[in-house]
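Chains as they are written, first to last, in this note's numbering: chain A, 1 to 380; chain B, 381 to 831.
A virtual CB, placed ideally from N, CA and C, is assigned to each residue, including glycine.
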Amino acid sequence: MADQPLVKVTIDNITIEVPAGTTILNAARKIGGDVAPPTMCYYSKLEDSGGKCRTCLVEVSKGSDKDPRPMPKLVASCRTAVMDGMEVKNITSQRVITARKGVVEFLLINHPLDCPICDQAGECDLQDLSYGHGEEGTRTEFRRRTFEKHTLGNQIQLHMTRCILCYRCVLVADQLTKTRQHGVLDRGDRAEIATYIEKSLDNDFIGNVIDVCPVGALTDRTFRFKNRVWFTKPVDAHRNCSKCCGEVRLWMRGDEVFRVTTRRDIWNEVATASDGKTGWICNECRFEKKKVSDWVIEGPTKVNRKSVISANKYVAATKPDEFLEEVMKGVKPRFMLDIHNESEVNEPELRLDLIDGPAHSNDFKIADEAHNKKLLNGSE
Amino acid sequence: MKKLLLEKDHIEGIRFYETYRREGGYKSVEKALKMSPAEVVDEVKKSGLRGRGGAGFPTGLKWSFIAKPEGVPRHLICNADESEPGTFKDRYLMEFIPHLLVEGLIISSYALGSNVTYIYIRGEYAWIVDILEQAIAEAKNNGWLGKNILGSGFDCEIYVHRGSGAYICGEETALIESLEGKRGNPRIKPPFPAVKGLWQRPTVVNNVESIAAVVPIINMGGDEYAKIGVGKSTGTKLISACGNINKPGVYEIDMTISVEEFIYSDEYCGGIPNGKRLKACIPGGSSVPILPANLLLKTAKGETRYMNYESLSDGGFATGSMMGSGGFIVFDEDQCIVRHTYTLSRFYWHESCGQCSPCREGTGWMEKILKNIEYGKGKMKDIDLLWHVQSNIEGNTICPLGDAAAWPVAAAIRHFRDEFEWHVLNPEESQRRNFGLAHYADPLIPIGELV
């Protein structure tokens with residue numbers, strides 16, 4: 001990519017230079033934050049993925065410098081390459097927001113919404129998507145489509161009812177393993193991921209389908225119903241493995257390892273390992289090494305503070321990128337919190353995160369005195 | 381008018397090589413092989429021939445887009461997966477004059493440099509496969525196919541491939557996937573087939589009628605062909621007329637006649653049986669918007685509507701429709717639009733490939749809502765909901781099937797909203813009568829408030 005000429009693209013009023021041939025989505029991800037469209041099927045580590053879920057639709061308001069005509073339809077940003085001088089609207093376009101709400105609604109009308117008993121809850125892309133981009137309430141009163149549950153071998157559970165048909169697991173089996181035993185059968189809303197004649201999936205790398213699944217359709221049977229995701233805390237660890245990179249994330253509660261997964265980057269995709277390759281892990285690391293003594297612990301994983309996994313005073317919570325001010329051309333967005341800032345009634349000179357346990361009125365006393373003094377000094 | 385495609389369809393034995401050749405067949409191949417491929421493309425460009433499969437994209441332009449990298453074979457595919465409800469023109473052509481298609485394919489393959497050409501035919505046309513294969517064998521035995529055709533140094537083979545009964549495989553990239561032996565899911569464009577198509581090679585996919593029309597174009601010359609018809613709608617078009625008319629069938633028209641003449645003249649549809657009145661019509665196959673009688677015969681501006689690409693789409697989707705693939709479906713005053721729309725939406729729900737979410741989930745949802753309305757369980761808000769669902773599908777899908785599913789529903793609500801409301805307000809009566817409200821859209825009543 002280094003020899004590719006750079007092209008300028010403006011996404012939501014933020015201009016960035018990217019190599020020619022980059023997709024709009026990857027350009028937006030370079031900016032980061034809310035500017036990057038949500039994705040359900042695109043997976044940068046898998047070839048030929050994307051274009052199916054239609055959640056990453058964006059509006060191209062100017063095709064390029066050479067041909068400034070806007071594109072008539074919304075385009076899938078994961079499969080559309082940027083042109084020099086292209087102008088893209090994502091969160092600034094009402095059309096995009098409406099279309100995305102529509103797509104979220106479509107994805108949810110047949111989804112069972114069994115989050116309370118779903119192992120994926122808490123790290124589910126569909127949950128995040130519907131909170132972030134969906135609409136409250138449902139307009140469908142019909143029976144939801146259901147499928148039988150299938151066990152694909154000892155380790156993988158398939159809940160076809162929850163599937164959104166992103167095809168990621170099919171691509172993983174195509175690109176990572178020697179033979180693919182599962183695929184998509186039937187068509188339309190009857191389409192299902194299946195092995196046709198009941199088979200178990202037992203390739204060395206097939207466990208990765210669990211990690212790429214954006215919903216709870218493919219889950220880890222060794223972790224099934226053992227714990228909620230947000231009660232376990234992620235820890236980065238590694239071991240010497242002859243088959244894979246051996247760099248994993250352990251999900252621990254106390255000293256117990258409940259689950260082993262690949263490491264994820266901020267887009268919830270498998271992260272690149274230290275050897276520069278994609279950090280897929282083998283079934284042995286994933287399903288069989290469930291003792292702390294098997295692993296060399298590196299430290300707690302950084303988790304976005306918006307995620308439910310960072311709950312309970314998590315030590316490694318990180319602040320997400322925010323670009324709203326730039327997107328709105330320098331106008332600061334007003335949040336509920338701003339009211340408190342302006343009215344100055346609730347501005348304790350006290351760091352609540354430093355207090356051990358819940359705050360009491362006694363804790364505020366010292367701060368209040370300092371505050372009052374300041375007010376008095378100000379009036380003098 | 382002079383017929384170009386169906387000129388000889390009444391001749392006994394035209395299906396077989398001897399008769400076809402005696403009647404002047406394969407002359408165009410002799411002529412075309414003396415020209416250079418670029419000259420053949422130029423002739424087609426000059427003719428102004430528009431794709432007959434539905435989208436109406438100029439065929440010559442499509443051919444000139446094909447990439448020509450060194451050492452990479454190119455392919456021509458004939459799209460005979462004619463699955464649109466209401467369209468059956470290609471079947472007629474292939475069944476009665478198969479050699480016309482073979483002849484057109486040889487010229488087109490020569491123009492595009494395709495040495496291996498495929499006919500992708502829908503699986504339901506099982507008996508036509510035999511007819512085509514026989515025609516291809518006859519052509520090969522007589523030296524029109526195979527190696528070094530007529531000493532020109534051009535090799536060409538034609539293979540017939542049967543689909544397995546999927547509407548979606550009529551979409552060109554899904555067709556290519558299916559031909560490659562994969563699941564018939566449309567590909568995400570770009571890259572377009574002209575750059576990377578069948579087996580990642582440059583490919584052109586053309587409708588049966590477009591390919592057959594190349595034969596008269598070469599015979600008479602592109603300029604001469606362009607004189608037939610009107611404006612950008614040049615040449616002749618096959619229309620498969622069905623529904624409530626006296627003479628259903630396949631007609632060749634020269635796109636200068638009015639819609640009224642087409643429906644009522646004895647030469648074509650011969651009017652509506654039992655003295656009933658015209659209620660509505662789908663002028664171009666089930667996917668295009670339905671038009672009520674008042675907007676069908678005259679445009680919103682009050683001009684006469686003609687059977688050609690421009691006139692039928694006059695007024696956009698608000699008051700117009702599309703030429704589409706030429707499946708002309710006529711409804712008389714006794715037909716129920718709600719039931720019809722439900723039938724169509726059930727078709728699109730059944731045929732959606734399930735790849736992208738708006739179409740996979742939306743078509744099923746529309747089908748369920750329409751089923752409720754048709755069987756007297758609908759609510760008033762369902763009509764608005766239906767409108768929202770179709771607008772969320774339209775334009776947001778990978779391939780045009782999403783649009784094709786959304787347009788008929790949108791047009792039905794746009795023009796016949798009162799009929800939907802009648803179904804909701806009279807649930808018992810609409811169930812008892814089983815045909816719902818037979819409502820006559822009087823051409824004298826001005827167009828109602830558009831949704």
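Residue closest to residue i, alpha-carbon to alpha-carbon, out of the options
{"i": "Ile97 of chain A", "options": "A:Gly122, A:His111, A:Gly132 and A:Cys124", "result": "A:Gly132"}
{"i": "Lys199 of chain A", "options": "A:Phe205, A:Gly183 and A:Asn208", "result": "A:Gly183"}
{"i": "Ile778 of chain B", "options": "B:Asp389, B:Glu551, B:Ile516 and B:Val452", "result": "B:Glu551"}
{"i": "Val610 of chain B", "options": "B:Asp634, B:Lys520 and B:Phe437", "result": "B:Asp634"}
{"i": "Ile597 of chain B", "options": "B:Tyr605, B:Ile591 and B:Ser590", "result": "B:Tyr605"}
{"i": "Arg228 of chain A", "options": "A:Met252, A:Val209 and A:Asp236", "result": "A:Met252"}
{"i": "Asn565 of chain B", "options": "B:Ala546, B:Lys576, B:Arg581 and B:Val575", "result": "B:Ala546"}
{"i": "Ala792 of chain B", "options": "B:Lys576, B:Leu429 and B:Ala698", "result": "B:Ala698"}
{"i": "Ile773 of chain B", "options": "A:Trp267, A:Lys45 and A:Val104", "result": "A:Val104"}
{"i": "Val303 of chain A", "options": "A:Ala273, A:Asp236 and A:Cys285", "result": "A:Asp236"}
{"i": "Lys289 of chain A", "options": "A:Val248, A:Ala273, A:Gly254 and A:Ile91", "result": "A:Val248"}
{"i": "Cys78 of chain A", "options": "A:Glu87, A:Glu322, A:Gly50 and A:Asp125", "result": "A:Gly50"}
{"i": "Arg137 of chain A", "options": "A:Arg264, A:Leu113 and A:Asn283", "result": "Position check: residue 137 of chain A holds Gly in this sequence, whereas Arg was assumed. The option with the nearest alpha carbon to Gly137 of chain A is A:Leu113."}
{"i": "Cys244 of chain A", "options": "A:Asn268, A:Val215 and A:Thr278", "result": "A:Thr278"}
Min CB distance residue i to chain A below 9 Å
{"i": "Gln735 of chain B", "result": "yes"}
{"i": "Pro478 of chain B", "result": "no"}
{"i": "Leu765 of chain B", "result": "yes"}
{"i": "Pro570 of chain B", "result": "yes"}
{"i": "Ile548 of chain B", "result": "yes"}
{"i": "Tyr542 of chain B", "result": "The question names Tyr, yet the displayed sequence has Arg at residue 542 of chain B. Not closer than 9 Å to any Cβ of chain A, the Cβ of Arg542 of chain B fails to qualify, so no."}
{"i": "Ser732 of chain B", "result": "yes"}
{"i": "Arg563 of chain B", "result": "yes"}
{"i": "Pro823 of chain B", "result": "Here the model assigns Pro823 of chain B a pLDDT of 39, short of 50, so the residue's position is not dependable, and the following value carries that caveat. No - not a single Cβ of chain A is within 9 Å of the one on Pro823 of chain B."}
{"i": "Ala748 of chain B", "result": "Here residue 748 of chain B is Lys; the residue named in the question, Ala, does not match the sequence. True, the Cβ-Cβ gap to chain A drops below 9 Å."}
Whole-angstrom C-beta distance between residue j and residue i, which should lie under 8 Å
{"i": "Asp174 of chain A", "j": "Arg180 of chain A", "result": "5 Å"}
{"i": "Lys748 of chain B", "j": "Phe223 of chain A", "result": "In fact, because the Cβ distance is near 36 Å, the residues do not count as touching under 8 Å."}
{"i": "Tyr755 of chain B", "j": "Gln715 of chain B", "result": "About 17 Å; that fails the 8 Å criterion."}
{"i": "Phe711 of chain B", "j": "Ala660 of chain B", "result": "4 Å"}
{"i": "Arg430 of chain B", "j": "Arg581 of chain B", "result": "That pair is no contact at about 25 Å."}
{"i": "Leu129 of chain A", "j": "Pro38 of chain A", "result": "5 Å"}
{"i": "Val585 of chain B", "j": "Ile499 of chain B", "result": "Their Cβ separation, rounded to whole angstroms, is 11 Å, which puts Val585 of chain B and Ile499 of chain B out of contact at 8 Å."}
{"i": "Ile164 of chain A", "j": "Pro116 of chain A", "result": "The pair is not a contact, with the Cβ atoms about 19 Å apart (cut-off 8 Å)."}
{"i": "Cys736 of chain B", "j": "Arg54 of chain A", "result": "5 Å"}
Within 9 Å, strictly: CB atoms of residue i and residue j
{"i": "Arg221 of chain A", "j": "Thr151 of chain A", "result": "yes"}
{"i": "Gly615 of chain B", "j": "Ser427 of chain B", "result": "yes"}
{"i": "Gly484 of chain B", "j": "Ser705 of chain B", "result": "no"}
{"i": "Gly696 of chain B", "j": "Leu675 of chain B", "result": "no"}
{"i": "Gly707 of chain B", "j": "Lys469 of chain B", "result": "yes"}
{"i": "Gly758 of chain B", "j": "Pro788 of chain B", "result": "no"}
{"i": "Asp48 of chain A", "j": "Gly734 of chain B", "result": "no"}
{"i": "Gly651 of chain B", "j": "Gly466 of chain B", "result": "no"}
{"i": "Ala519 of chain B", "j": "Ile487 of chain B", "result": "no"}
{"i": "Leu385 of chain B", "j": "Ala621 of chain B", "result": "no"}
{"i": "Val35 of chain A", "j": "Asn90 of chain A", "result": "yes"}
Interface flag, residue i vs chain B, CB-CB below 9 Å
{"i": "Ile410 of chain A", "result": "In the structure displayed, chain A extends from 1 to 380; residue 410 of chain A sits before or after that span and is not available."}
{"i": "Arg134 of chain A", "result": "At residue 134 of chain A the sequence reads Gly, which differs from the Arg that was named. No, because no Cβ of chain B sits closer than 9 Å to the Cβ of Gly134 of chain A."}
{"i": "Glu344 of chain A", "result": "Caution is warranted here: a pLDDT of 49 is assigned to Glu344 of chain A, below 50, making its placement in the model unreliable, and no coordinate value can be reported."}
{"i": "Lys66 of chain A", "result": "no"}
{"i": "Asp186 of chain A", "result": "yes"}
{"i": "Thr98 of chain A", "result": "yes"}
{"i": "Arg69 of chain A", "result": "no"}
{"i": "Ile31 of chain A", "result": "no"}
{"i": "Arg190 of chain A", "result": "yes"}
{"i": "Phe142 of chain A", "result": "yes"}
{"i": "Leu158 of chain A", "result": "no"}
{"i": "Phe287 of chain A", "result": "no"}
| message | For a minimum of 4 consecutive residues, which ranges assigned as the alpha helix (DSSP H) are wholly contained in the stretch 432 to 458 of chain B? | response | 439 to 444
| task | Would you mind listing the beta strand (DSSP E) stretches within the stretch 629 to 685 of chain B that are 3+ residues and don't spill past its ends, in chain order? | result | 629 to 633 and 658 to 662
| message | Report the start-end ranges of each beta strand (DSSP E) in the stretch 252 to 305 of chain A that is 3 residues or longer and not cut off at the edges. | response | 256 to 262 and 296 to 300
| Mind pulling the beta strand (DSSP E) runs of 3 or more residues that sit fully within the stretch 501 to 539 of chain B? | none
| query | Taking only runs of the beta strand (DSSP E) that begin and end inside the stretch 103 to 181 of chain A, which ones reach a length of at least 3 residues, in chain order? | reply | 149 to 152 and 156 to 159
| Where in the stretch 540 to 610 of chain B do unbroken runs of the beta strand (DSSP E), each at least 3 residues long, occur, reported from the N-terminal end onward? | 583 to 587
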